[in-house]
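In the working numbering, the protein residues as written are 52 to 241.
Here is the structure:
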């Protein structure tokens, strides 16, 4: 089992550790690990019965990419999160900082949040280089990001959809197979 090294963290950790598998060729060589949220205040000392920073270090040494997610409404970096970030040293090339849910603030607030995040990270990372922050937006995209729906409704209103050729299930299956099997096999050859 690929996670047998985690037994060193004891049963209090292992009892909370869960795995899910999905059989698909695109996922054969991928494992996603999602940690619980980082605690703040007294919770971080009293509610974890295992070495969270140690577990984080164990996974960091074995992974290819580490995403540190920040919420625009919760930018404070707790003592536990500082220890987690410090435990990632030596894996700096794997770390990506993501400002999550950026669509929940307007542009001016986003600039303030971004600046505050950069300042907080600068204090924790102790590096002269500026960390690149990826901004993630969710579903609340401005209407300008979508095509004009009314325009397409007008175009389609003159079409008789009943005369469209029926979908060919074999063709759809062939495309699915190509995306799921053929392309991944080709990519493995590179």
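Idealized CB from N, CA, C, for every residue including glycine.
Give the DSSP bridge partners of residue i, in chain order.
i           : result
residue 147 : 118
residue 125 : 122
Please list, in chain order, all residues of the same chain as residue i whose beta carbon is under 8 Å from its beta carbon, the five residues on each side excluded.
i           : result
residue 185 : 147, 148, 149 and 150
residue 65  : 57 and 58
residue 115 : 145
residue 70  : 54
residue 231 : 75, 76 and 77
Kindly indicate the opening and closing residues of the beta strand (DSSP E) around residue i.
i           : result
residue 165 : Counting along the chain, residue 165 falls outside any beta strand (DSSP E), though it belongs to the alpha helix (DSSP H) covering 158 to 176.
residue 185 : 184 to 186
How about residue i and residue j: are their beta carbons less than 7 Å apart?
i           : j           : result
residue 63  : residue 100 : yes
residue 104 : residue 134 : yes
residue 259 : residue 131 : With the chain covering 52 to 241 only, the question about residue 259 has no answer from this structure.
residue 76  : residue 235 : yes
For residue i, which residues in the same chain have their Cβ closer than 7 Å to its Cβ, ignoring the five residues on either side in sequence?
i           : result
residue 153 : 123, 161, 186, 187 and 188
residue 156 : 123 and 164
residue 110 : 84
Less than 8 Å between the CB atoms is what I'm expecting for residue i and residue j, so what's the real figure, rounded?
i           : j           : result
residue 171 : residue 126 : 6 Å
residue 181 : residue 128 : Going by Cβ atoms, the distance from residue 181 to residue 128 rounds to 16 Å, so no, they are not a contact pair.
residue 60  : residue 102 : 6 Å
residue 112 : residue 142 : 7 Å
Provide the residue span of the alpha helix (DSSP H) that contains residue i, from first to last.
i           : result
residue 105 : 103 to 113
residue 225 : 220 to 228
residue 236 : 234 to 239
residue 132 : 130 to 138
residue 207 : 200 to 207
residue 82  : First-last for residue 82: undefined, no H or E at that position.
residue 64  : 62 to 65
Leaving out five residues before and five after residue i in sequence, what residues of the same chain have Cβ atoms less than 6 Å from its Cβ?
i           : result
residue 118 : 147 and 149
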